[in-house]
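Okay, structure first, notes after.
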Amino acid sequence: MKNSRLQAHAFTLVEMIVAGAITGILSAGVMIYSSSAIRMVTRNLATNHSHESARGSLERLFSEVHNSASRFQLINFNGITYTDVAAVASSDKDAYTQQYVSNRANGVRFMRLAAGPCKITGNGSASTVAATDTTLELDVTGGTYTPSVGDKLQIPLISHEFNIIAPAPVKTSGNKWKVTLSSAIGFSILTASGTTTSGLTLTNPISSGYFYQRCGYTVVNNQLRFHPNLTDPPYPATAAANDVPVVIKSNITSPKPFGLLFPTSTSTLTDATNLRVSLEAYDLAYSARLYQNATTTLQVTIPSRNQPPVVSGN
Amino acid sequence: MFTNSHRQAFTLIEVSFAVAVFSLFAVSSIYALTLANQFASTSRYETLALAAAQQKIDQIMTTPWSVGSTAPAVLAANSTPVTTTENNLPLNNDALNAGTGLSSAFTSYDTQVLDSRTTTITKLTDCSGNSGTSSRLLRADVVVAFTYRGKPHTVTLNTLRGTDDF
């Protein structure tokens with residue numbers, strides 16, 4: 158009798174099989190559910206990453222490209238040096254602007270305001286500026302700007318712009334820099350109280366200039382990079398201290414995202430004041446390639462807000 | 006004695022109830038995850054739609070418009086609002102990237118969603134009291150609409166624009 162009672166408390170084989178089958182079915186269901194859930198979350202995160210890359214890139218592009226003071230120039234950048242690319246109209250029609258896209262490039266350069274207004278304090282040797290002077294001294298107090306060869310100086314008073322050429326600008330005192338211009342000023346400028354050549358007496362006159370610096374964006378090694386001071390090619394193998402490229406975003410997979418717009422497919426001229434960007438981003442760290450992650454392609458045309466451009470060259 | 010031990014097992018109703026609760030939990034979880042995924046996708050597309058609207062606003066804000074000249078086409082409006090609609094614009098895909106040298110290994114992973122963009126230009130009475138075609142002030146409303154998984158979505162931006170000079 159005692160043995161029989163003990164046997165009655167144990168599970169029978171059939172019970173064990175049924176329980177095992179139920180457990181198996183439930184486990185399989187939970188596994189499939191968990192796997193699907195993890196896959197969905199992972200893909201979503203990966204897509205979010207690529208989207209964030211594209212969106213962040215766009216925000217940065219908007220902030221800089223909008224403020225271009227010149228026309229846009231396409232460039233091909235190989236990581237060390239760059240060459241200008243002549244924009245030619247193609248038959249590719251942009252859906253948003255109904256204009257025709259040029260050949261594409263992996264970089265673009267333009268001029269942007271670097272400092273100004275900066276007071277003209279002399280010609281670098283004296284506190285006067287003669288019409289024949291090819292050097293100027295300006296006070297760049299109020300910023301971190303350092304003039305360099307290749308920059309442009311615009312002087313609104315005489316409606317002229319000048320290229321800054323070698324020798325490299327030198328600091329004369331305080332925040333004053335002496336720069337060498339591509340041509341003579343053409344006008345004498347009063348930097349202190351005095352009388353002009355036309356007999357006009359001025360007290361503490363202030364003449365100022367604006368510095369513009371060449372910068373650019375490139376896409377290299379799946380990175381969108383900003384070059385704060387894109388000097389003339391050949392680009393030095395080691396970037397200058399004031400031109401260390403800044404990586405804006407990674408996971409950018411479009412090889413040539415930049416283009417210019419032409420009114421027709423046979424146009425030979427573009428105003429080059431509208432930059433078309435077609436930026437493709439993909440989360441390259443996403444490993445489950447069997448289940449494809451989505452790319453994000455963001456196409457947008459960014460106009461320069463300075464129309465017509467402030468400075469002529471780019 | 007055997008009869009008592011049989012009574013300690015679960016009844017059919019108990020088991021059925023447990024299975025129902027588990028199923029409800031499983032279905033709810035899957036639905037919630039699917040919904041979260043859909044919301045995330047929609048949110049991404051809305052951001053892209055915002056970029057499309059911003060592009061038109063940019064065009065409206067930067068097109069040269071002198072007080073001494075006729076308003077350019079993109080700003081054209083009479084005494085009544087002028088509405089322009091552009092259809093079948095690619096929201097998350099650029100077919101032009103399929104060209105040689107322009108695509109990557111991931112270009113085909115893009116899903117195309119089309120949108121339409123409607124721009125309404127309305128002339129307002131400016132500070133000089135001018136209205137209609139002679140007004141130097143306008144309002145622009147840009148609406149980008151798209152359908153994703155059967156549901157319509159819209160993104161709206163608007164701005165005021167005056168002439169470049171006075």
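Just so you know, the protein sequences line up as chains A and B, in that order.
With this note's numbering, the residue at position 300 of the first sequence is 457, and numbering never jumps.
With this note's numbering, the residue at position 74 of the second sequence is 79, and numbering never jumps.
By construction, the Cβ of each residue, glycine as well, lies at the ideal position given by its N, Cα and C atoms.
Of the residues A:Pro460, A:Tyr367 and A:Ala262, the one whose Cα lies closest to the Cα of serine 411 of chain A is A:Ala262. When A:Thr452, A:Arg462 and A:Gln230 are compared, the shortest CA-CA separation from aspartate 115 of chain B is found for A:Thr452.
Secondary structure of glycine 186 of chain A (DSSP, three-state): helix.
Across the set B:Ile65, B:Gly73 and B:Thr159, the C-alpha of B:Ile65 shows the shortest separation from the C-alpha of leucine 143 of chain B.
The beta-carbon of isoleucine 35 of chain B is placed less than 9 Å from the nearest beta-carbon of chain A. Nearest neighbour of leucine 436 of chain A by Cα position, chosen from A:Ala442, A:Lys413 and A:Pro385, turns out to be A:Lys413. When DSSP states are grouped into helix, strand and coil, phenylalanine 229 of chain A belongs to the coil group.
In terms of beta-carbon proximity, leucine 455 of chain A lines the interface with chain B, with at least one pair separated by less than 9 Å. According to the DSSP assignment, phenylalanine 319 of chain A belongs to the beta strand (DSSP E) that extends over 317-330. For the segment 107-136 of chain B, residues whose beta-carbon sits nearer than 7 Å to a beta-carbon of chain A comprise Leu107, Ser109, Phe111, Thr112, Tyr114, Asp115 and Thr116. Among the CB atoms of chain A, none fall inside 9 Å of the CB of leucine 162 of chain B. Taking C-beta atoms as the reference points, glycine 416 of chain A and leucine 231 of chain A count as a pair closer than 9 Å. For lysine 335 of chain A, the enclosing beta strand (DSSP E) has its first and last residue at 333-338. Rounded to the nearest angstrom, the Cβ distance from leucine 359 of chain A to glycine 366 of chain A is 18 Å, too far for a contact under 8 Å. Listed along the chain, the chain B residues whose CB falls inside 8 Å of the CB of methionine 197 of chain A are Leu38, Thr39 and Asn42. The segment 171-181 of chain A makes no contact with the segment 13-33 of chain B, as fewer than three CB pairs between them are under 8 Å. The secondary-structure analysis by DSSP pairs arginine 200 of chain A with nothing; it has no beta-bridge partner. The residue from A:Leu310, A:Leu314 and A:Ser407 with its alpha-carbon nearest to that of serine 340 of chain A is A:Leu310. Residues of the same chain with their beta carbon placed closer than 7 Å to that of glutamine 449 of chain A are lacking, with the five preceding and five following residues left out of the count. Beyond the five residues adjoining it in sequence on each side, proline 95 of chain B comes within less than 7 Å, by CB distance, of Gln117 and Leu119 in the same chain, given in chain order.
Just measuring C-alpha positions, the residue of A:Val171, A:Pro385 and A:Pro420 sitting nearest aspartate 251 of chain A is A:Pro420. Apart from sequence neighbours up to five positions away, the residues of its chain that approach threonine 161 of chain B with a beta-carbon distance below 6 Å are Val148, ordered along the chain.
Looking at the DSSP output, serine 365 of chain A shares a beta bridge with A:Lys276. Between the alpha carbons of tyrosine 50 of chain B and alanine 58 of chain B lies a gap of roughly 12 Å. Listed along chain A, the residues sitting closer than 7 Å to alanine 56 of chain B by beta-carbon distance are Leu215, Leu455 and Val457. Contacts between threonine 410 of chain A and chain B, judged by CB atoms closer than 7 Å, involve Ser109 and Phe111 in chain order.
With three or more CB-CB distances shorter than 8 Å, the segment 123-142 of chain B counts as touching the segment 82-91 of chain B.
Fully contained in the segment 215-265 of chain A is no alpha helix (DSSP H) run of length 4 or more. A residue is called buried once 16 or more other Cβ atoms fall within 10 Å of its Cβ, and tyrosine 443 of chain A is buried on that count. Contact between valine 403 of chain A and phenylalanine 383 of chain A is confirmed by a C-beta separation of about 5 Å, below the 8 Å threshold. Under the three-state reduction of DSSP output, isoleucine 342 of chain A falls in the coil class, being neither helix nor strand.
At a cut-off of 9 Å between C-beta atoms, threonine 301 of chain A does not count as an interface residue with respect to chain B. Around proline 95 of chain B, the beta-carbon contacts reaching into chain A at under 9 Å are Ala252, Tyr253, Thr454 and Gln456. With contacts defined as CB atoms closer than 9 Å, serine 214 of chain A and leucine 381 of chain A qualify as a contacting pair. Beta-bridge annotation (DSSP): histidine 384 of chain A is paired with A:Gly373.
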